[in-house]
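**Student:** Residue -8 is where the sequence shown starts when you use our numbering, and the numbers rise one by one after that.
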Amino acid sequence: MKESIKIFDLTKQFKNLSKEINRDVINILRSGQYILGKNVHQLENAFTKFLNVKYAVSCNSGTDALILSLRASKIGKNDEVITTPFTYFATAEAIALVGAKPIFVDINPDTYNIDINQIEKHITKKTKAIMPVHIFGQSSDIDKIAIICKKHKIKLIEDCAQSFGAKKNGLYTGTFGDFGCYSFFPTKNLGCAGDGGMIVTNSKKNMIYLKKLRNHGGLTRNIHEYIGYNSRLDEIQAAVLLTKLKKIKAFDKKRNIIAKKYKSSIINNKIKLPYQAEGTHHVYNQFTICVKNRKRFSKYLENNGIPYGVYYPIPIYKQKALKSFKYKCYLKNTEKITKECISLPMYPELSISAIDYIVEKINNYK
Ligand SMILES: Cc1ncc(COP(=O)(O)O)c(C=O)c1O
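Right under this line is the structure:
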């Protein structure tokens, strides 16, 4: 393989969009309006149209999107929030940061999303919300989770950091609950050139509160109604995102073509390919396979110049940062998948020759 393969390559995407992005960035720099200007406004509007929701409030990161949604749900000390232990740390971190306790429910061994059949037994008087993650770009059983939340009168905060554009039964993830939280971290399907996030909601009251929270607790200069945050998306990031949003369906199509190619061509009984649940539109933020001896397999990939990522090697309840919660859980599917999962290169600009090479090497793995 002549070209070197990357786990993801942001430079290729920028190269294809550079004319538009360079023009917009220069215009913003010339305008002198760098914060909460017309690009942010346009992006929020574009989000509501794309996802068919009433309101969108941008913020500084996906983590902040989760924190602001928890705050707007009045969740804090002595409260519990049910979530998955197989996710990026930020999901549980956001819950802990508002003073609540993350309660971990095991995952489905096929989709790696929170196991719908195990959620209800964890609901107690203290449970204030469920925060599912649509891991790797595939919707969780979000329609059923929404029913559980309604039944128990608790909030539904969707962590859509990896699932912009993913659907369940024809509806976008992020639109089933009280809040849909997005990350624009550069490697996300819709990524900016730094940090950024977005919250969508159909509640006007929540929208106004979120707008205050992201701006030091107020909308009017020097009037602070709440202890808030400095969590505004800046104009340059919004402009980059507006350009990329126009292309997101094409990017999504390419990711799906690559996933289809991997799935139809990788034939090796040592490898478990990703499973796509019925009624879902997957957006493949990651293409994650499972292999029994990951250490040996990853060495093999390294020796053949194939980069990989391990998302995620440790169940969140085992993270040192959460030791004060004294978790005693051993969630068997999570334990197994964290030992076996490994993600292959996946981004819209990945070349056919690179895919062919990766497939050939994996098929030759003994
Ligand atoms: C599932 C999940 N939740 C939350 C986040 C946090 O997003 P951000 O990095 O934008 O704060 C990420 C980002 O990596 C994520 O993958």
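Using N, Cα and C, we set each Cβ at its ideal position, and we do this for glycine too. In this text, all values refer to a predicted model and were calculated from it rather than measured experimentally.
1) With DSSP collapsed to three states, give me the class of M337.
2) Check the C-beta distance from S64 over to K146 and give it rounded, since I have them as a contact under 8 Å.
3) Where does I86 sit, in a helix, a strand or coil, going by DSSP?
4) So for S64, helix, strand or coil by DSSP?
5) Going by beta carbon distance, what residues of the same chain come within less than 6 Å of N99, once the five residues before and after it are set aside?
6) Please state the DSSP three-state secondary structure of I258.
7) Go through its chain and collect everything with a Cβ distance to K117's Cβ below 7 Å, but skip five positions before and after it.
8) Can you tell me whether T140 is helix, strand or coil according to DSSP?
9) Kindly give me the distance between the Cβ atoms of Y302 and F278, rounded to whole angstroms, as I take these residues to be in contact under 8 Å.
10) Look at I148 and M122 and say whether their C-beta atoms are less than 7 Å apart.
11) Where does the unbroken beta strand (DSSP E) through Y173 begin, and where does it stop?
12) Could you check what DSSP says for G188 in three-state terms: helix, strand or coil?
13) Starting from the Cα of N197, find the closest Cα among Y356, K45, V16 and give me that residue.
14) Please confirm whether any heavy atom of ligand 1 lies closer than 6 Å to the CB of A268.
15) Can you tell me whether DSSP reads M(-8) as helix, strand or coil?
16) So A230 and I19 are supposed to be a Cβ contact under 8 Å. How far apart are they, rounded?
17) At the 7 Å Cβ level, is L322 part of the contact set with chain C, yes or no?
18) Let me check you understand the geometry: is the CB of S222 closer than 6 Å to at least one non-hydrogen atom of ligand 1?
19) Under a Cβ-count criterion, where at least 16 other Cβ atoms within 10 Å of its own Cβ denotes burial, should L210 be classed as buried or exposed?
20) On the DSSP letters alone, give me the boundaries of the alpha helix (DSSP H) that L20 sits inside.
21) Following the continuous beta strand (DSSP E) through F278, name the residue where it begins and the one where it ends.
22) Tell me the rounded alpha-carbon separation between F95 and K357.
23) Around the Cβ of G90, are there at least 16 other Cβ atoms within 10 angstroms (buried) or fewer (exposed)?
24) Is Y308 near ligand 1, in the sense that its beta carbon is under 6 Å from a heavy atom of that ligand?
25) Please name the residue or residues paired with P93 in a DSSP beta bridge.
26) Who are the Cβ neighbours of A157 in its own chain at under 8 Å, not counting the five residues just before and after it?
27) I think G300 touches S174, with their Cβ atoms under 8 Å apart; what is that distance to the nearest whole Å?
28) Please go through the same chain and pick out, in chain order, the residues whose beta-carbon is closer than 7 Å to the beta-carbon of E340, but skip the five residues on each side of it.
29) Indicate whether I249 and Y103 have their beta-carbon atoms separated by less than 7 Å.
30) Should A83 be listed as close to ligand 1, given that the test is whether its C-beta is under 6 Å from any heavy atom?
31) Candidates R223, Y318, A56, A120: which alpha carbon is nearest H143's?
32) Give the DSSP bridge partners of N221, in chain order.
33) Put T118 into one of helix, strand or coil per three-state DSSP.
34) Applying the criterion that 16 or more other CB atoms from any shown protein chain within 10 Å of the CB defines a buried residue, is A85 buried or exposed?
35) Have a look at the DSSP bridge pairing and note the partners of E149.
**Tutor:** In terms of the structure at hand:
1) Note: M337 maps to coil in three-state DSSP.
2) 4 Å
3) Assigned with DSSP and collapsed to three states, I86 falls in helix.
4) coil
5) Apart from sequence neighbours up to five positions away, the residues of its chain that approach N99 with a beta-carbon distance below 6 Å are D106, ordered along the chain.
6) coil
7) N69, D70, E71
8) Sequence inspection shows Cys at residue 140; the Thr mentioned does not correspond to that position. Of the three classes helix, strand and coil, the one that applies to C140 here is helix, per DSSP.
9) About 11 Å; that fails the 8 Å criterion.
10) yes
11) 170 to 174
12) strand
13) Nearest of Y356, K45, V16 to N197, Cα basis: K45.
14) no
15) Three-state DSSP puts M(-8) in coil, outside helix and strand.
16) 6 Å
17) Within the model displayed, chain C is absent; a lone protein chain is all it includes.
18) no
19) exposed
20) From DSSP, the alpha helix (DSSP H) with L20 extends over 1 to 22.
21) 278 to 282
22) 36 Å
23) exposed
24) no
25) V72
26) H125, G128, Q129, S130, C151, Y163, T164, T271, H272, H273, V274
27) 16 Å between Cβ atoms; not a contact.
28) D0, K3, Q4
29) no
30) no
31) A120
32) N206
33) strand
34) Label assigned to A85: buried.
35) Residue pairing by DSSP places E149 opposite G171 in a beta bridge.
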